[in-house]
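Residue numbers (my numbering): 7 to 400.
Glycine included, C-beta positions come from ideal geometry on N, C-alpha and C.
To start, the structure under review is shown below, and the notes come after it.
Okay, here's the thing in structure tokens:
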């Protein structure tokens, strides 16, 4: 995918100039207002107590989060986020924690709170990968900046809603990753966040990768298309709602995994389910995951993509990164599957109960279809005379 204005954008990506000084030991005639650096978005803090769920141009935050992509990592970072908006500006200063949970200390903050929220959501979806993002690190704050900082938690969390009287959620990435458990990879990710938090000045942050030269951009625009990496595969959905998998974060399903485990998971998911809100969901396998056609009590249908997160062993619902189920629940074929929200609580957001399934075999009857499906679902390591699991679901 090429962008006609890449040359213009590259030409404009230059720091504004103030006074004479030296930068990173280089004698220069002028001092930039900022440098382009790399930092983990989880090491940046909010400056507002609450944000609205839409940007000023009316675009929803959730829609923007789905548009965030990944680029190859650099240095200590496994991946670099590529967002559809301008880089956030960060500044280092001290902030008093009104809640009293932390001692007063210096941290990295931003006034681009909605953009930071989107970046943190994307970073948490990739956890425990070590995620970086390019930022504009300011050397000095502008006049009156401190007065705009009204966070009561020293920027650790932020409320979401159209107004303070209509809050719908509270975001704190620490609570979310805590629910994902501990591992050596998670420890490494935590260490990176702490390391970036403790970088005491702009010069201590990692330099952002160099921008492509004008000649590179010329050849990209004139000769070849730039391939966007880490895109989720397309899905051949039913005719009543074609859609694609979420593009912002690559599914760990793309890596090699056990065919037997995936077959067992797919067997546990495919079929017809009844939700606890009076809805029915028909799940079918497709390339890269599953397609779920959900019909509410009024008969209105909606198509949702389900995809497997091998690292966390979760199955994610749609592309909003906020609802998932444990893959083990589907593999158990107990007749119920619980769906949880991203905040990490194990209180189900909603529950599915299994109804029926039928392989699409020409000429097959309902009974023969169920028998065939039951044979496929016989637990591994057990004799074929075991009672079919589907019997426990009806």
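Check, Outcome
"Other residues of its chain near residue 204: CB distance less than 8 Å, five sequence neighbours each side excluded", "none"
"Local Cβ density within 10 Å of residue 98, reported as buried at 16 or more and exposed below that", "buried"
"Residue closest to residue 185, alpha-carbon to alpha-carbon, out of 340, 319, 201 and 41", "319"
"Outcome for residue 311 when other beta-carbon atoms lying within 10 angstroms are tallied against a minimum of 16", "buried"
"Residue 115 beta carbon less than 7 Å from that of residue 53", "yes"
"Assumed close pair residue 343, residue 278 - CB separation to whole angstroms, cut-off 8 Å", "Not really, about 12 Å apart at Cβ, beyond 8 Å."
"Span of the beta strand (DSSP E) around residue 111", "111 to 116"
"Where residue 315 falls: helix, strand or coil (DSSP)", "strand"
"Endpoints, beta strand (DSSP E) assigned at residue 129", "Premise fails: residue 129 lies in the alpha helix (DSSP H), 119 to 131, not in any beta strand (DSSP E)."
"Under the three-state DSSP convention, the category residue 94 falls into", "coil"
"Extent of the continuous alpha helix (DSSP H) run through residue 71", "67 to 71"
"Candidates 113, 273, 136 and 199, of which the one nearest residue 335 by Cα", "273"
"Test item: CB-CB of residue 275 and residue 337 under 7 Å", "no"
"Selected residue, minimal CA-CA separation from residue 76, among 176, 65 and 88", "88"
"Three CB pairs or more closer than 8 Å across the segment 192 to 199 and the segment 45 to 59", "yes"
"is_contact[residue 123, chain C] using C-beta, thresh 7 Å", "Here there is only one protein chain, and chain C is not present."
"Cβ neighbour criterion (16 or more within 10 Å) applied to residue 108", "exposed"
"Contacts around residue 86, its chain only, beta-carbon distance under 8 Å, and the 5 residues preceding and following it disregarded", "44, 76, 77, 78, 79, 80, 137, 138, 139, 140 and 215"
"Classification of residue 143 by the beta-carbon crowding that lies within 10 angstroms, buried from 16 upward", "buried"
"Boundaries of the beta strand (DSSP E) in which residue 1 is found, first to last residue", "Residue numbering for the chain in the displayed model covers 7 to 400; residue 1 lies beyond these limits and cannot be assessed."
"Distance, residue 103 Cα to residue 110 Cα", "6 Å"
"Whole-angstrom distance between residue 341 and residue 73, CA atom to CA atom", "35 Å"
"Inside the segment 147 to 215 only - alpha helix (DSSP H) runs reaching at least 4 residues", "179 to 184 and 190 to 203"
"C-alpha distance - residue 57 paired with residue 65, whole-angstrom precision", "14 Å"
"C-alpha gap between residue 306 and residue 288, whole angstroms", "13 Å"
"Residue 208 versus residue 299: straight-line alpha-carbon distance, rounded", "49 Å"
"Nearest-angstrom Cβ-Cβ length linking residue 356 and residue 302, presumed shorter than 8 Å", "12 Å between Cβ atoms; not a contact."
"Close-in-space but distant-in-sequence residues of the same chain around residue 154 (CB under 7 Å, 5 per side omitted)", "53 and 117"
"Exposure of residue 294, with buried meaning 16 or more beta-carbon neighbours within 10 Å", "buried"
"Distance, residue 132 Cα to residue 83 Cα", "12 Å"
"Residue 281 (DSSP reduced to helix, strand or coil)", "strand"
"Identity of the residues DSSP links to residue 359 by a beta bridge", "280 and 342"
"Buried versus exposed call for residue 156 [16 or more other C-beta atoms within 10 Å across all chains shown]", "exposed"
"Range covered by the beta strand (DSSP E) that runs through residue 87", "85 to 88"
"Nearest candidate by alpha-carbon position, reference residue 60, set 163, 192 and 169", "169"
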